[in-house]
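Asks: So the sequence lines, in the order shown, correspond to chains W, F and L. Following this note's numbering, the numbering of the first sequence begins with 1 at its first residue and continues without gaps. Following this note's numbering, the numbering of the second sequence begins with 1001 at its first residue and continues without gaps. Following this note's numbering, the numbering of the third sequence begins with 2001 at its first residue and continues without gaps.
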Amino acid sequence: MEENIVLTARGISMTFPGVKALDNVDFTLRKGEIHALMGENGAGKSTLIKCLTGINDFEAGEIRVAGVDGPVKNHSTLDAQRVGISTVYQEVNLCPNLSVAENLYIGREPMTLFRTIDRRTMNKKADELVKRLDIKVDVTQNLENYSLAIQQMIAIARAVDMDCKVLILDEPTSSLDDSEVEKLFNMMLQLKKQGVGIVFVTHFLEQVYAVCDRITVLRNGTLVGEYPVSELPRVKLVAAMMGKDFDDLASIKPEGFTYDADSPLEIEARGLSHKGTIKPFDLDIHKGEVIGLTGLLGSGRSELARAIYGADKAQTGTLKVGGKPAKISQPIDAMNMGMGLLPDDRKAEGIIGDLSVRENIILALQAKRGMFKQLSRAKQEEIADRYIDLLQIKTASRETPIKQLSGGNQQKAILARWLATDPDFLILDEPTRGIDIGTKTEIQKLIIKLAAEGKSIMFISSEIEEMLRTCNRMAVLRDGAKVAELDGELTQERVMAAIAGGGKDE
Amino acid sequence: MSKQAEAIKERKQINGNTMLLLITILLFIALYAAGCVAYSSKGFTNLQTFLNLFRTNAGLICVACGMTCVMLTGGIDISVGSLVALDCMLLAYGMSEWQLSAPVMVALVLIIGVVFGLVQGYCVGYLQIQPFIVTMAGMFFARGMTAVISTNQLSITAEINQLFYDVANFRIYLPFGGTVNRAGKLIMPYIGIGVVIALVVLVVIFLVLRYTKFGRSLYAVGGSEQSAAMMGLDVKKTKLKAYVLSSFLCSIGGICYCMNTMSASVSQATGMEMDAISSAVIGGTLLTGGVGNVIGTLFGVLINGTISTIVQTNGKLASSWPNILTAALLCFFIVLQSIFAKLKEKNK
Amino acid sequence: MSKLKKLTQQKLFLPVFCMLLVLCVNIVYDVAQGNEFYNFFKITITNDLLTGRIINILNRGSEVAILAIGMTLVVSASAGTDISVGSVMSLCASFCCMLVAGFGVSSVNSAEEFAMPLAVGLIGALLMGCLCGAFNGALVAYLNIQPMVATLILWSAARAIGLLLCNNLIVYIRVPEYGVFGGYIGPVPTPIIIAAVCVAIVSVVLKKTAMGMYIQSVGINKKASRIAGLNSKRIIFVCYLVCGLCAGIAGIVASSRITSADSNNIGLDMELDAILAVALGGNSLGGGRFNLAGSIIGAYTIQAITTTMLAMGVSTAVNPVFKAVIVIAIVAVQAPPVKAWFKKRAAAKAVVQKEVARV
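(1) Rounded to whole angstroms, what is the Cα-Cα separation between residue 12 (chain W) and residue 47 (chain W)?
(2) Compile a chain-ordered list of the residues in the region 193-223 of chain W whose CB is closer than 8 Å to at least one CB of chain F.
(3) Could you please give me the residues that DSSP links to residue 1172 (chain F) through a beta bridge?
(4) I'd like to know if residue 349 (chain W) contacts chain L, where contact means its C-beta is closer than 7 Å to some C-beta of that chain.
(5) Compare the C-alpha of residue 2263 (chain L) against each of L:2043, L:2302, L:2094, L:2010 and name the closest.
(6) Across which residues does DSSP place residue 1165 (chain F) in a beta bridge pair?
(7) Within 10 angstroms of the Cβ of residue 2312 (chain L), are there 16 or more other Cβ atoms? Answer buried if so, exposed if not.
(8) Please report whether the beta-carbon of residue 1323 (chain F) lies at a distance below 7 Å from any beta-carbon of chain L.
(9) Whole angstroms are fine: how far does the CA of residue 431 (chain W) sit from the CA of residue 406 (chain W)?
(10) Does any C-beta atom of chain F lie closer than 7 Å to the C-beta of residue 77 (chain W)?
(11) Could you spell out where the alpha helix (DSSP H) holding residue 2200 (chain L) opens and where it closes?
(12) Confirm, please, whether the CB-CB distance from residue 425 (chain W) to residue 536 (chain W) is below 7 Å.
(13) May I have the straight-line CA-CA distance separating residue 1177 (chain F) from residue 1306 (chain F), to the nearest angstrom?
(14) Report the rounded CA-to-CA distance for residue 1126 (chain F) versus residue 87 (chain W), giving the unit in angstroms.
(15) With DSSP as the reference, label residue 375 (chain W) as helix, strand or coil.
(16) Quick one: list the residues of chain L neighbouring residue 372 (chain W), beta-carbon separation under 7 Å, in chain order.
(17) With three or more beta-carbon pairs closer than 8 Å as the criterion, would you say the region 1031-1042 of chain F touches the region 1158-1170 of chain F?
(18) Can you tell me which of the three DSSP states residue 2290 (chain L) falls into?
(19) Compare the Cα-Cα distances from residue 220 (chain W) to each of W:171, W:477, W:22, W:72 and report the closest residue.
(20) Distance check for residue 1069 (chain F) and residue 270 (chain W), CA to CA, integer angstroms please.
(21) For the alpha helix (DSSP H) that contains residue 2153 (chain L), what are its first and last residues?
(22) In three-state DSSP terms, what is residue 2121 (chain L)?
(23) At a cut of 8 Å, does the region 150-164 of chain W reach the region 173-188 of chain W through at least three beta carbon pairs?
(24) Using Cβ-Cβ distances below 8 Å, what residues of the region 269-293 of chain W are close to chain F?
(25) Leaving out five residues on either side along the sequence, give the residues of the same chain with a beta carbon under 8 Å from the beta carbon of residue 148 (chain W).
(26) Taking Cβ positions only, does residue 496 (chain W) come closer than 7 Å to chain L?
(27) Could you tell me the alpha carbon to alpha carbon distance between residue 273 (chain W) and residue 74 (chain W), rounded to whole angstroms?
(28) Spatial neighbours of residue 245 (chain W) within its chain, please: C-beta separation below 8 Å, excluding the five flanking residues on both sides.
(29) Which residues, taken in chain order from the region 1150-1173 of chain F, show a beta carbon closer than 9 Å to some beta carbon of chain L?
(30) What span of residues does the beta strand (DSSP E) with residue 1231 (chain F) cover, start to end?
(31) List the whole-angstrom C-beta distance separating residue 1075 (chain F) from residue 1228 (chain F), where the pair is believed to meet the contact cut-off of C-beta under 8 Å.
(32) What in chain L is Cβ-close to residue 311 (chain W), meaning under 7 Å?
(33) Assuming contact is defined by CB atoms lying nearer than 7 Å, are residue 2237 (chain L) and residue 2137 (chain L) in contact in what I supplied?
(34) For chain L, check one thing: does any of its Cβ atoms lie closer than 7 Å to the Cβ of residue 474 (chain W)?
(35) Give the single residue among W:447, W:206, W:386 whose Cα lies nearest to the Cα of residue 36 (chain W).
(36) Counting Cβ pairs, one atom from each stretch, are 3 or more of them under 8 Å apart for the region 2156-2171 of chain L and the region 2030-2043 of chain L?
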């Protein structure tokens, strides 16, 4: 192993049922560098990190850490900590009800002669540690009294004090404000000076360019490349993350499928916002239009959709649906106005795992009809069969619990749930994530077909080419705000420039 | 720095947990003061009345300390009342029917407590069964076993076991705070052995919770199980130990309880689990775990005791009032906790 | 082997298996005692009334069966149990007797005639049940308090309030009509009829409306249900309400059986029986999919156990020991680590078999 390298991973491969999560991925971390790990959803970032920290068992490849002879195979985060790999997650893994000092030293507290905890020594050591790292806290206070940024820094301090050589920061900044981010960066730079190798996972481009030395980009479980920051301008980074090569699928847009500003409005949103997730935005959506929401993960694209649908109740602004003012405080209100939402987190918010495919398909329609107007069993079966047939959902029977289906088929069933309610406005949040290419094309075609029938579709995806293929207009989001609307000729360059923002000029 | 210090200070002021404890202590003082004002003629102001709070509730203090430890991990132990009944029955039956000596029976009771706790703790910690279900089964098991031993009402008299009788009735007089009775004789206030045991338990548990690795890991597990595991604590073992401790303290409490009542029956100490839980909750222990200490719990016990004393002193109120009032208080504190939790969430 | 597996995976396997087990024990016991082996199943008509052990079990098990209905819904929707049902039963019984005996009259602890129409008492009791259910439901659904903790309040308070309503006395209602609900209509014990009617009504509601699917959906995935347009909180609330109502009905039956309101004993430990019935019925206590028929069979199985032990001369006070052991056994088998262990063992076995086959 070279002198200045602290961690190498070679040829890491890992499969989840049905998905190749990582395919022969290499990763190298040098001493005293901040290395950004970039990629969209499903690119394999978190899988790679989990392989490094011992949460996932990888199938092939090897990991080497400086100071350890031979390949390292961790089986738990504790193992990883022992060889010097520490991780700090967005969700801080500390105990908020204990004091800062205790959080720093729990499990390895200094003891007195009577085998009790020597609180004084512990507090003193903790105080020295936080002073050294320039964190301004009172170590005897409970952790919950401090902001998330401080909590994150405490977590980092704990890792540093346990002699970590590799520090992995997994989306540490996503719930921090600007000044907090700055504090965190100062700390990172300080650790860098001390020779710690830092892996920095984030979806904020500005932050990458602010602190990182090197960028490794993953896409669809494969390595795109490793670049020094100076050689990879923003637009190129976005291109690398989103994939620039069109796949050889034929265009599926019909002739004349372009933006028509004169067609009647379906949705008029004025100043809608949800505290902490999406800043006030205006948005018009026409009948028969496919509007794409684009922007990087965390830019607020899902949140915008959720605010319209009432999944997270909008706190400000007004909404008109089909010309009529709409008051939406929960999803059923939106459904009664003719909306539907296919959420991005299929497992947590989409499927009802133990219910059958039939029940999952008719659920929304039934909810719309109300509890007392039950669909007859025959009707339920007819609807289920129709959509199983129409969307070619592969299932043993319509009575199979949906959790036994593959991801793509689950997604189709949820799509069927919404199609069954015959919505005028359908929000599809990452409908194609984690499903095979054939199914993807089917869903894309379906979207176009629905639009042709006069329905309005809002389409959200991390894959830019599929949006280019299906949308006739796009709204671009950055950092929780809507920053642009693109119509006319949609090209990859235009969209990427809009997503990346003014980075080139800065 | 000063700005930050200010912010910290401000946060400290609105810290809901400290507030809950404060409310509890104030409530106790208010209740007791009200009792003193209303029933001063019935001896409520005597120091002995106050000490009697400890004497009658010595067992409950031990049990509630154990309950606090379990609740800190986010669990609950509703088997305690039945276990106390089983302990009393064992003591009484063992000394009267088996003719065993008091120390042997006490040791047996303590061992049974530990074994009982081991089984419950294993089910909760290692088998990951809901604590409520496990301890509910434990509650019925212990109550049933009490009936297996005997369904009669037994009492422990001096003839049955002189030693136990003497220890139970041993009075430790305080050198101050005496009152003059009608005959003009000065009577000094006293406490029993049970009170001493209870106070020792209280102090020991207080120190354990604050100064030992085990005590802190109880808090850590209750604060966030996942984090505790990530930081290298053995969550399963910690839970096991918590239930063992609870059952063990419960057995000590059972002995104190028995010394106070000197009797045993199947229906004894019914609802004691409720008293213990409400004491802990009123004392500021969060049902979700991670927050609380035994000092608060002590005040919870004292509040419960004061309510009973007031109802008894009044003499006209129905005997079910203490139960209802305790439940109402419990409800009040649970809702308060829930509101504090919601506020905290919002502030974030 | 695979046939056996198929059988054990049947929805009603666990409850039916337990029921059969109890029946077998009875038959063996009867034979050992020198009775005919069908002694257990014998139904005779004495004094124009149906008698026999089966009838006895059906009769005595009615309260638990009624409670099990509500408990099944609560468990399914909120993944928690309502432990206040026993106490609420007692409160409803006391409230009913208090109304019927005339409030304040209860210083004389028996009423020779109704001070108020019987219907007022009954409706009052049912409303009281609903009120208690609503209280629990509000705490669980709207304040997000853990179900067991929320229901702990009434578990302790309801019985005490009942005692208070009756001035700490056992109020006797010495009017024959009051005993009807715990007595007989024609030759058939009324509790059996009431339980059957309750089960029928709930089954029809579950069949004819989407209630069943709503409850299960919320119990399995609250968030997804909300996105799909269900009002998760209201559904959980309604489940607790129904559970309270069931407790009210059970309270009336129990009180009518002894034509009095014995606050201290009505519904005592009934909550464990109800929870046990749900668990025995093959329902997961973790919420989600439920099976009402299983719970009902479970309820009668529990009564069969009690009756059997009584017949064998085991004291009723010892009964809880057996129930506790059964509960732990059932829940332990469902526990994730135990399940994982079984799976591992099965997998290891399969590997061995494969290797054997290869050889």
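By construction, the Cβ of each residue, glycine as well, lies at the ideal position given by its N, Cα and C atoms.
Replies: With the structure as the only source:
(1) 10 Å
(2) none
(3) F:1191
(4) yes
(5) L:2094
(6) Its beta-bridge partners do not exist; DSSP assigns none.
(7) exposed
(8) yes
(9) 14 Å
(10) yes
(11) 2190-2208
(12) Residue numbering for chain W in the displayed model covers 1 to 506; residue 536 (chain W) lies beyond these limits and cannot be assessed.
(13) 20 Å
(14) 27 Å
(15) coil
(16) 2209
(17) no
(18) coil
(19) W:22
(20) 53 Å
(21) 2147-2165
(22) helix
(23) yes
(24) none
(25) 92, 175, 176, 180
(26) no
(27) 44 Å
(28) Confidence is the limiting factor: at residue 245 (chain W) the pLDDT is only 46, short of 50, which leaves the residue's position unreliable, though a coordinate-based value still follows. None.
(29) 1151
(30) First-last for residue 1231 (chain F): undefined, no H or E at that position.
(31) Rounded, the Cβ-Cβ distance is 14 Å, inconsistent with contact.
(32) 2227
(33) yes
(34) no
(35) W:206
(36) no
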